[in-house]
Amino acid sequence: MPLALLTNDDGIHAPGLHALARATRDTGLDVIVAAPAGDASGAGGSVRCVLTDGHIGVTEHTIPALDGIPAYGVDADPGFIVRAAGQGWFSREPDVVLSGINPGANTGGQVLHSGTVGAVLAGSLNGWSGIAFSLHCGLRLPEHPHWAAATGLLPELLERLAARPAGTAWSVNVPDVAPAELPALREARLCDSGAVRVRMVHRGPDGGRPAGLRALVSE
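Numbering that gives the first Met the number 0 puts the first residue of the sequence shown at 0, with every later residue one more than the last.
Structural data, given as structure tokens:
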């Protein structure tokens with residue numbers, strides 16, 4: 000069966016990644032999960048890695064939520080992980096790269112900053128098609144995200160993707176609603192600006208906001 004490489008920019012323990020991995024296996028693809036060991040949000044297409052004694056740390060994880068899917072936490076950004084997959088890291092090269100599910104939308108030209116999208120763009124450089132999934136849930140992750148709203152689209156999207164030229168990279172943004180409430184799937188070009196999930200709050204040692212600084216919230 001074709002091999003899907005699953006990654007993200009939220010780290011190996013992110014529930015959105017686990018939901019996407021299980022759904023991908025359910026479509027009949029072989030699945031391997033390799034994601035940053037920690038949060039790499041905003042990494043874009045970075046190929047940064049962390050060297051310890053001249054080596055990049057890779058930890059094999061047994062994650063109950065993945066139900067037996069092989070998973071690795073890597074001391075590197077998602078773009079590096081995908082690049083490594085194209086240079087013989089695995090015994091098989093992936094046939095498709097899937098990234099996410101990111102909590103928060105990644106739209107327009109701002110996807111330049113998204114590690115979720117950067118992973119599939121890195122795959123496209125190797126000729127692998129890919130999909131970056133984002134759940135539009137605002138600045139804060141809700142208590143019960145509707146991951147199924149995104150994973151339910153996976154079979155149709157993979158079928159559409161297979162009909163496109165190799166190296167096609169898509170950013171798919173899905174509203175955080177029950178699958179039955181989703182609007183029709185439609186394809187669009189990137190707008191000039193767009194949005195990424197950003198929240199920066201400056202606090203002083205006493206917990207108050209330092210003079211001259213203000214909270215910046217962008218969505």
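Ideal placement from N, C-alpha and C gives every residue a C-beta, glycine not left out.
The Cβ atoms of R82 and A121 sit closer than 9 Å to each other.
Look at the beta carbons and you see the region 173-190 not touching the region 45-64: under three pairs across the two are nearer than 8 Å. Residue pairing of W88 in beta bridges, as defined by DSSP: absent, with no partner found. In this structure the region 154-163 does not touch the region 32-50; the number of beta carbon pairs closer than 8 Å is below three.
Restricting attention to V30, D9, M0, the CA atom closest to the CA of G78 is found in D9. The continuous alpha helix (DSSP H) containing P154 extends over residues 153-161. Short of 6 Å from the beta carbon of C48, and not among the five residues preceding or following it, lie these beta carbons of its own chain, in chain order: I55, A75, F79. Taking one beta carbon from each stretch, the region 144-151 and the region 29-36 have fewer than 3 pairs nearer than 8 Å; the two do not touch. When secondary structure is reduced to three states using DSSP, A64 falls in the helix class. As DSSP reads the structure, W169 sits in a beta bridge with I130. With a beta-carbon spacing of about 6 Å, N105 and S170 fall inside the 8 Å limit used to define contacts. Within its own chain, the residues whose Cβ lies closer than 6 Å to the Cβ of A168, once the five positions on either side in sequence are excluded, are V119, L120, S123, G129, listed in chain order. Annotation for V119: the continuous alpha helix (DSSP H) segment containing it runs 114-124.
Each residue's CA atom was taken as its position, placing G151 and R21 some 11 Å apart.
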